[in-house]
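First up is the structure itself, then whatever we jot down about it.
In the numbering used here, the protein residues as written are 5 to 428.
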């Protein structure tokens, strides 16, 4: 059985925790898109971890973790990450890397930095991890696939060709130091030695695992609104964040994905630039930000303060629909316990008209939130394990949101720990 765990909004919904929790019953966990540009924060018996490339199931010794072909693979970052969790007492995870995955090169990271620098105030709020240059090279068909590392002749010819192309931009657009084929070749051969023990045909491995009836989790990065087609373009990521892409990024048939768990936060948060209709500011935002998540709302990769806002039913309904949601996991509900009243964004006012369907970016920029206020529950709900034991106003809040988004909330997370979960 294949289940996908994906985000409904701008990312940072708490997918890491849900994956870590569900990995207990899984045999295989697959990362199918994105790179080391966004993290998942996980708290378990080993401590608190921020993972960037590794799937969130690596803490269980019975699981196999797969880096799928759709991932932007930064090899030194992956190797360092494996070492860092082993150093903290986690048993060495079983990891397989797709021979069709492509690699983030050191020059991708540089180009990312140079471009943000060049754009100045008009930048895309990149994490400068090389992701956009990596995916543009992949689709321009000048990326390096892991399988190519094992054919030195072809590699040598290709490095010369790549340096020639990149140097034109380095010299004339960025005015930065040029690339040298010998150094690039050295970098690639270093990557080959690091990654060789993990490489295999992961698509064939997954095909066989599906036939054997294994439990497989697909773990997405970021959320629906950061998808390049369906998100807040151009303030999006460079790979599809939707569950449907899981089939492509992992190399499995689409009809095998039978459950899509979409993770949705009890309030909104976003890292990076872009339209965010229900955003709040100043004191109100500060209060929510410092109470939020575990240790506050700061990016797992960048440490940047996240932008926060009230729950956005318009964006979340859309985000769940685009994912093809079968189950909603509703997270960080415990954070809202301090509020007397809790506003919810139930519509957008655009040019004097109220809409409840999520518009494209051009219109989104003009949208003002239409808020409805619900009474708070004014107490700490951590430690509660049964839905009926939640305060009445808390249950009303969940049911109100469920009605507004139109998808079933089957899990409610009320704390950062692995066991802080209520099943409905």
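All C-beta atoms in this analysis are idealised placements derived from N, C-alpha and C, irrespective of residue type, glycine included.
Cβ neighbour criterion (16 or more within 10 Å) applied to residue i
i	result
residue 312	buried
residue 301	buried
residue 191	buried
residue 233	exposed
residue 418	buried
residue 222	buried
residue 158	exposed
residue 44	buried
For residue i, the first and last residue of its enclosing alpha helix (DSSP H)
i	result
residue 268	First-last for residue 268: 261 to 269, but that is the beta strand (DSSP E), not the alpha helix (DSSP H).
residue 173	156 to 173
residue 140	135 to 143
residue 320	317 to 327
residue 307	Segment: none, residue 307 is in no alpha helix (DSSP H) and carries neither H nor E.
residue 48	Careful: residue 48 lies outside any alpha helix (DSSP H), inside the beta strand (DSSP E) at 44 to 48.
residue 279	Looking at the DSSP string, residue 279 is not in any alpha helix (DSSP H), and its letter there is neither H nor E.
residue 365	365 to 368
Helix, strand or coil at residue i [DSSP, three-state]
i	result
residue 240	coil
residue 229	helix
residue 109	coil
residue 8	strand
residue 291	helix
residue 124	helix
residue 60	coil
For residue i, the nearest candidate out of the options (CA to CA)
i	options	result
residue 410	319, 294 and 5	319
residue 339	385, 67, 326 and 324	385
residue 388	407, 378 and 416	416
residue 354	345, 347 and 373	373
residue 140	85, 109, 157 and 122	109
residue 359	328, 321 and 335	321
residue 167	151, 208, 395 and 112	112
residue 267	257, 256, 218 and 247	247
Range of the contiguous beta strand (DSSP E) that encloses residue i
i	result
residue 52	51 to 55
residue 331	331 to 335
residue 351	345 to 354
residue 417	413 to 417
residue 427	425 to 427
residue 102	98 to 102
Own chain residues within Cβ distance below 7 Å of residue i, not counting five before or after
i	result
residue 236	229, 278, 279, 365 and 368
residue 16	273, 275 and 310
residue 343	380
residue 202	99, 100 and 101
residue 51	92
Proximal residues to residue i (C-beta, below 8 Å), its chain only, five neighbours per side dropped
i	result
residue 173	115
Residues near residue i by beta carbon distance below 6 Å, same chain, minus five either side
i	result
residue 40	56, 57, 78, 81 and 133
residue 206	70, 100 and 102
residue 371	281, 352 and 354
residue 214	260
residue 283	311 and 313
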